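J.: Take a look at the following structure, please.
Residue numbers (our numbering): 33 to 524.
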């Protein structure tokens, strides 16, 4: 492919924009945002930046980028900033359908010669995956060779969104070679969001080489979801090499949310190394901590050995945590082997754990085989549990294959099971075909259940097509009081 010489002005405009930023840094004035690099078509006067923007918008989602590698041959054959910038735009134009690795390499090659122009060009692209890839490629190299320059550029960007991304890339790269220097810079950042993002990225780099320092840094962040997630991530990474160190770290904490965040990270790793030891540790905790760690402990365990995981769930000392764990395991088990999971749950003693686990099995099973799930539910003892399970199975079925669901219901004998199935069927159908749902609801034999089903159909119908719903209400079998409830629902 021949070099696109019209792109030279595009790149030169980026270089001018980078120079403008340079002056702003050293003169102490507010930085001027880099002007988008453009090339004007002499015939139409249309800025050709739009072509690059269109390409960027259409580019596929980036694949996982590999570690930096040698610049591609097309980039190595060009040595000036303008030529390398043209190569970057050329790589962007062919990124669609191939992932972004070649584009990433081309921008990085440009950054090796002129990082400021490469970064300014990346910022001028429209928001999207290609822009994110370009900014990461430019700044990761720049921060590796000139962290102070990259940091100044990142912090000068006027958009908070751009600043957060640029500061994050700079901090992560800087911390790999000079964590202390990166920390000193991060703590001088003028606004809290970018400071916290820089500290978060530095923490994630530190956790591999110095877990205790990473733990202290994570705990120093402002309270909130970001710190909570970071504490869990640090605990998970640290636990891979030192379970005891994480346990001791957790014991020094006084904040309950922090302790639970660390517990989640710890349990997710421990259960994969020694599930029984992890279970023993969790069983000695209070009820709130046991419940908080259910997913972290039992999701990976159930994916590996659902029977053992369910047995472990029954060993928890707190009822709420025990029931939650059983529900999690049953749902995961049913995704892979619904009949096996159903048989296991049926063998449990009738209590809250069995009830919730059975509902979890039905929900998972119905996503794959609603007929099988519904048939299993028919065998449940009469009561609220069977009604809930039937609703879960048939409602899902009505949404995915209403014809098959209606045929199955038609074969059921008159009685409570059929009425419950009909009620669930109309709830699933009402959001897409309310007129048909209303006709089926009228076939429910039990008067109170029929009224509730018809009222729910009317409510859903009013959201889809108010005139048609009101016309149906006028001639429906609903009483005047029922119509009033539908048309004027009580608030709260």
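Cβ coordinates follow ideal geometry from the N, Cα and C atoms, glycine included. Fair warning: this is a prediction, and the values are worked out from it, not measured in the lab.
Can you check whether the CB of residue 361 is closer than 9 angstroms to the CB of residue 342?
T.: Yes, they are a contact pair.
J.: Might you give, ordered along the chain, the residues of its own chain that have their beta carbon closer than 6 angstroms to the beta carbon of residue 413, omitting 5 neighbours on each side?
T.: Excluding residues within five positions, none has a Cβ falling inside 6 angstroms.
J.: Please look up how many angstroms separate the CB atoms of residue 321 and residue 292, rounded, as I've assumed it's under 8 angstroms.
T.: Contact flag correct, Cβ pair sits at about 6 angstroms.
J.: Compute the distance between the beta-carbons of residue 282 and residue 294, then report whether it is under 9 angstroms.
T.: Yes; because the gap between Cβ atoms is below 9 angstroms, this pair is in contact.
J.: Among the residues of its own chain, which have a CB less than 7 angstroms from the CB of residue 398, if the five just before and after it don't count?
T.: These residues qualify, in order along the chain: 405, 424, 425, 428, 429.
J.: Tell me where the alpha helix (DSSP H) around residue 476 begins and ends.
T.: Segment: none, residue 476 is in no alpha helix (DSSP H) and carries neither H nor E.
J.: How about residue 142 and residue 117: are their beta carbons less than 9 angstroms apart?
T.: In this structure, residue 117 lies closer than 9 angstroms to residue 142 by Cβ.
J.: For residue 203, collect the residues of the same chain with a Cβ closer than 7 angstroms to its Cβ; drop the 5 residues on either side in sequence, then sort them by chain order.
T.: These residues qualify, in order along the chain: 214, 218, 230, 233, 234.
J.: Just mark residue 228 as buried or exposed, buried being the case when its beta carbon has 16 or more other beta carbons within 10 Å.
T.: By the 10 Å Cβ count, residue 228 comes out buried.
J.: By Cβ distance, which residues of its chain are closer than 7 angstroms to residue 310, with the 5 residues on each side in sequence left out?
T.: Answer for residue 310: 299, 302, 303, 329, listed in chain order.
J.: Applying the 10 Å Cβ sphere with the 16-neighbour rule, what's the burial state of residue 212?
T.: Looking at its Cβ environment, which holds fewer than 16 other Cβ atoms inside 10 Å, residue 212 is exposed.
J.: Suppose only complete runs of 4+ residues qualify. What are the alpha helix (DSSP H) ranges in the segment 181 to 257, listed by chain order?
T.: With a minimum length of 4 residues, the continuous alpha helix (DSSP H) runs that stay inside the segment 181 to 257 are 192 to 209, 211 to 218, 224 to 241, 243 to 252.
J.: Which residue from 410, 382, 417, 383 puts its Cα closest to that of residue 391?
T.: Of the candidates 410, 382, 417, 383, the one whose C-alpha sits nearest the C-alpha of residue 391 is 417.
J.: Which same chain residues, not among the five before or five after residue 176, have their C-beta less than 6 angstroms away from its C-beta?
T.: Here the set comprises 205.
J.: Rounded to a whole number of angstroms, what is the C-alpha to C-alpha distance between residue 388 and residue 358?
T.: Roughly 8 angstroms between the two C-alpha positions.
J.: Let me know the secondary structure DSSP gives residue 132 once reduced to three states.
T.: The answer is coil: DSSP assigns residue 132 none of H, G, I, E or B.
J.: May I ask which residues mark the beginning and end of the alpha helix (DSSP H) holding residue 384?
T.: Run containing residue 384: 384 to 400, per the alpha helix (DSSP H) assignment.
J.: Quick one: residues in its chain with C-beta nearer than 8 angstroms to the C-beta of residue 508, no 5 flanking neighbours on either side, listed in chain order?
T.: So the list reads 470, 486, 490, 515, once near-sequence residues are dropped.
J.: I think residue 236 touches residue 251, with their Cβ atoms under 8 angstroms apart; what is that distance to the nearest whole Å?
T.: About 14 angstroms; that fails the 8 angstroms criterion.
J.: With a CB to CB cut of under 7 angstroms and the five nearest residues on each side skipped, what residues in its chain are close to residue 88?
T.: Annotation note: pLDDT 38 at residue 88 (below 50); position unreliable, coordinate value reported separately. Counting only Cβ-Cβ distances below 7 angstroms, and skipping sequence neighbours, we find 124, 157, 158, 160, 162, 163.
J.: Counting C-beta neighbours from all protein chains within 10 Å, is the total for residue 200 16 or more, i.e. buried, or is it exposed?
T.: That one is buried.
J.: For the alpha helix (DSSP H) containing residue 509, list its first residue and its last residue.
T.: No alpha helix (DSSP H) contains residue 509, which DSSP labels as neither H nor E.
J.: Return the chain-ordered list of same chain residues with a C-beta closer than 8 angstroms to the C-beta of residue 240, the five sequence neighbours on each side being excluded.
T.: So the qualifying residues of the chain are 269.
J.: How is the alpha helix (DSSP H) around residue 336 delimited, first residue to last?
T.: Its alpha helix (DSSP H) spans residues 326 to 336.
J.: Could you check the C-alpha separation between residue 278 and residue 331 for me, to the nearest Å?
T.: Residue 278 and residue 331: Cα-Cα distance of roughly 21 angstroms.
J.: Nearest by alpha-carbon distance to residue 195: which of 178, 210, 223, 216 is it?
T.: Among 178, 210, 223, 216, the Cα nearest to that of residue 195 belongs to 223.
J.: Is it buried or exposed for residue 411, if we count other Cβ within 10 angstroms and need 16 for buried?
T.: Classification of residue 411: exposed, given that the 10 Å Cβ count is below 16.
J.: Residue 506: buried (16+ other C-beta within 10 angstroms of its C-beta) or exposed?
T.: Its Cβ having fewer than 16 others within 10 Å, residue 506 is exposed.
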